[in-house]
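Novice: Residue numbers (the working numbering), protein chains in the order written: chain E, 23 to 252; chain W, 23 to 252.
If you scroll down you'll find the structure; I have some questions about it.
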DNA sequence: CAGTGGTCTAGACCACCCA
DNA sequence: GGGTGGTCTAGACCACTGC
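Structure follows, in structure tokens:
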């Protein structure tokens with residue numbers, strides 16, 4: 023086993039908080055005192071406490087000391103899956119089908135969204151992702167050719183733009199949002215649902231080294247749920 | 023300024039990865055070498071590297087060393103807001119209105135969802151949250167009276183069950199999920215939208231010390247978006 | 001001003017796990 | 001078996017900030 027002193031200390035402190043021994047708002051003994059209490063070095067207490075602070079359970083300030091948060095911060099964390107892996111991880115067969123691909127000038131709403139200038143061209147790719155033969159997700163993607171000229175010659179017939187981007191752009195910042203929309207005629211056709219059906223969707227804008235790379239709208243089959251624990 | 027050696031080292035390493043100097047899949051020099059390279063202690067490199075690993079940018083294994091991830095793990099993190107604060111943070115006026123409150127035996131679907139036995143009672147509270155006078159969120163909450171008998175005498179007329187729970191239960195584990203649904207007649211009435219409108223919703227089940235505490239369904243006004251960066 | 005947390009160091013031990 | 005990361009320690013310096 024790896025040494026676990028800091029975990030033990032952390033969990034021990036967590037218990038004191040959860041059990042109310044250290045009440046919300048209360049000042050916790052300082053690191054030196056705790057180190058002696060737990061029979062370890064101050065650095066060990068520091069690491070344990072830092073993790074509790076990262077979690078949002080306590081709040082630390084120099085001189086003022088460490089306090090139990092009145093309201094523990096609540097955060098949820100999601101893994102953003104690649105649709106192929108998401109489907110295959112559930113033991114289903116993945117299939118990809120390109121719907122359309124076109125190069126054009128960016129529409130106004132996209133220029134606003136990605137912060138593009140009036141010049142420039144984008145490639146627009148739409149595709150459907152299937153799980154066991156059933157439509158699972160409809161992808162509507164725009165790629166900024168000014169930043170990624172190679173996208174113009176990329177082949178999106180066999181695999182999707184997501185996988186091409188992942189292989190091409192090593193890493194990126196992104197803004198992601200989730201919402202609900204009603205299926206229009208086109209979505210209904212591609213997803214095999216009824217027009218008007220409520221659909222869960224995810225939108226993502228991605229930047230790399232300050233430049234806008236891509237915007238994608240992923241609409242899921244009706245009934246889709248995104249779940250996590252925290 | 024606080025000392026920033028580990029941050030400098032971390033960002034320096036991040037750049038090497040983002041710029042491709044350390045390519046995906048590639049083995050990174052070991053900690054001892056890096057410590058010498060950066061002119062710092064190995065512990066400093068270790069902390070920097072550990073944070074990159076937490077981020078999902080690199081993968082570490084004893085003996086095998088540290089590698090740049092082929093596909094950086096993509097994670098999104100959301101703060102789960104308390105609706106009152108969410109609204110007030112946007113400078114809008116918050117108003118709460120209790121719709122109904124009733125004590126009963128748990129319906130079957132709830133028993134399944136929360137893992138409740140056939141015995142026991144639950145309190146069911148529905149309420150609407152308003153921003154600047156407009157319906158913002160409809161809350162449909164169930165609280166397990168076996169775990170939280172005090173809920174039966176709690177007053178939910180002035181403020182919502184969420185705030186009562188936060189003040190009562192110090193901390194908890196939760197499972198949260200997001201999806202889309204169509205407004206039924208009741209939702210349409212409470213949210214002031216049309217029946218059939220696509221609505222974004224969040225569901226959360228909460229446990230405390232192994233016991234199921236509460237299940238809540240929060241349905242947002244149409245057009246709602248949940249956004250984050252990563 | 002002085003107490004507290006934030007950080008760094010040099011050294012050490014060892015669990016893990018690939019070769 | 002041996003190299004690598006994981007962790008701990010004891011000590012140190014200091015930025016920050018409440019008093």
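Virtual Cβ for every residue (Gly too), placed ideally from N, Cα, C.
Quantities reported herein were computed from a predicted structural model and do not represent experimental measurements.
1. Could you compute how far the alpha carbon of residue 46 of chain W sits from the alpha carbon of residue 185 of chain E?
2. Output needed for residue 225 of chain E: all residues of its chain with C-beta closer than 6 Å, excluding positions within five of it in sequence on either side, in chain order.
3. When DSSP labels each residue in this structure, what does residue 43 of chain E get in the three-state scheme?
4. First and last residue of the alpha helix (DSSP H) that includes residue 133 of chain W?
5. Taking the alpha-carbon of residue 79 of chain E as reference, which of E:93, E:68, E:87 has the nearest alpha-carbon?
6. Quick check: is the beta carbon of residue 212 of chain E nearer than 8 Å to any beta carbon in chain W?
7. In chain E, which residues lie less than 9 Å from residue 102 of chain W when you measure between Cβ atoms?
8. Thinking just about the alpha-carbon of each residue, which of W:117, W:98, W:86, W:28 is nearest to the one in residue 181 of chain W?
9. Buried or exposed: which applies to residue 166 of chain W, given that a residue is buried once 16 or more other Cβ atoms fall within 10 Å of its Cβ?
10. Does chain E have any CB closer than 8 Å to the CB of residue 249 of chain W?
11. Which stretch, first to last residue, makes up the beta strand (DSSP E) that contains residue 238 of chain E?
12. Just confirm the distance between the C-beta atoms of residue 70 of chain W and residue 31 of chain W, as a whole number of angstroms; I'd bet it's less than 8 Å.
13. Find out if the Cβ-Cβ distance for the pair residue 205 of chain W, residue 219 of chain W is shorter than 8 Å.
14. Does DSSP put residue 51 of chain W in a helix, a strand or coil?
15. Can you find the residues in the same chain that come closer than 8 Å, C-beta to C-beta, to residue 99 of chain W, ignoring five residues on each side of it along the sequence?
16. Where residue 119 of chain E and residue 128 of chain E are concerned, what is the direct C-alpha to C-alpha distance, given to the nearest angstrom?
17. Among E:38, E:213, E:235, which residue has its Cα nearest to the Cα of residue 245 of chain E?
18. What do you get for residue 227 of chain E, buried or exposed, if any count of 16 or more other CB atoms within 10 angstroms of its CB means buried?
19. What residues in the segment 47-68 of chain W have a beta carbon less than 7 Å from any beta carbon of chain E?
20. Looking at the C-beta of residue 218 of chain E, does it have a partner C-beta in chain W at a distance below 8 Å?
21. How about residue 234 of chain E: is its C-beta nearer than 8 Å to some C-beta of chain W?
22. If the criterion is Cβ atoms closer than 8 Å, does the pair residue 163 of chain E and residue 236 of chain E meet it?
23. My guess is that residue 148 of chain E and residue 125 of chain E are in contact by the Cβ rule of under 8 Å, so how many angstroms apart are they, rounded?
24. To the nearest angstrom, how far is it from the Cα of residue 161 of chain W to the Cα of residue 156 of chain E?
25. Using Cβ-Cβ distances below 9 Å, what residues of the segment 26-40 of chain E are close to chain W?
26. Can you pull the chain E neighbours of residue 203 of chain W, defined as C-beta to C-beta under 8 Å?
27. Suppose you measure from the CA of residue 174 of chain W to the CA of residue 210 of chain W; what does that come to, to the nearest Å?
28. Is the CB-CB distance between residue 64 of chain W and residue 54 of chain W below 8 Å?
29. Which term fits residue 111 of chain W, buried or exposed, when burial requires 16 or more other beta carbons within 10 angstroms of its beta carbon?
30. Under 7 Å, CB to CB, which of the residues in the segment 144-161 of chain W have a partner in chain E?
Specialist: According to the structure data:
1. Rounded to the nearest whole angstrom, the C-alpha separation of residue 46 of chain W and residue 185 of chain E is 15 Å.
2. Excluding the 5 residues flanking it on each side, residue 225 of chain E has same chain C-beta neighbours closer than 6 Å at 199, 239, in chain order.
3. In the three-state DSSP reduction, residue 43 of chain E falls in the coil class, being neither helix nor strand.
4. Residues 130-136.
5. The residue with the shortest Cα to Cα distance from residue 79 of chain E is E:93.
6. No Cβ of chain W is located within less than 8 Å of the beta carbon of residue 212 of chain E.
7. Within chain E, 95, 96, 97, 98, 252 have C-beta atoms less than 9 Å from the C-beta of residue 102 of chain W, given in sequence order.
8. Nearest of W:117, W:98, W:86, W:28 to residue 181 of chain W, Cα basis: W:117.
9. Residue 166 of chain W should be labelled buried.
10. At least one chain E Cβ lies under 8 Å of residue 249 of chain W.
11. Run containing residue 238 of chain E: 233-242, per the beta strand (DSSP E) assignment.
12. The Cβ separation is near 4 Å, so the contact holds.
13. Yes, Cβ-Cβ distance for residue 205 of chain W and residue 219 of chain W is below 8 Å.
14. Three-state DSSP puts residue 51 of chain W in coil, outside helix and strand.
15. Closer than 8 Å at the Cβ level, and outside the excluded window around residue 99 of chain W, lie 250, 252.
16. Taking the straight line from one Cα to the other gives about 24 Å.
17. The residue with the shortest Cα to Cα distance from residue 245 of chain E is E:213.
18. The residue in question, residue 227 of chain E, is buried, as its Cβ has 16 or more Cβ neighbours within 10 Å.
19. The residues in question: there are none.
20. Under the 8 Å criterion on CB atoms, residue 218 of chain E is classed as interfacial with respect to chain W.
21. No Cβ of chain W is located within less than 8 Å of the beta carbon of residue 234 of chain E.
22. Contact flag set, yes.
23. About 13 Å separates the CB atoms of residue 148 of chain E and residue 125 of chain E; that is not less than 8 Å, and the two are not in contact.
24. When only Cα atoms are considered, residue 161 of chain W and residue 156 of chain E end up about 33 Å apart.
25. Answer set for the segment 26-40 of chain E: 36, 39, 40.
26. Within 8 Å Cβ-Cβ: 202, 220.
27. The C-alpha of residue 210 of chain W is placed about 29 Å away from the C-alpha of residue 174 of chain W.
28. In this structure, the beta-carbon distance from residue 64 of chain W to residue 54 of chain W falls below 8 Å.
29. Burial call: exposed.
30. Those would be none; no residue qualifies.
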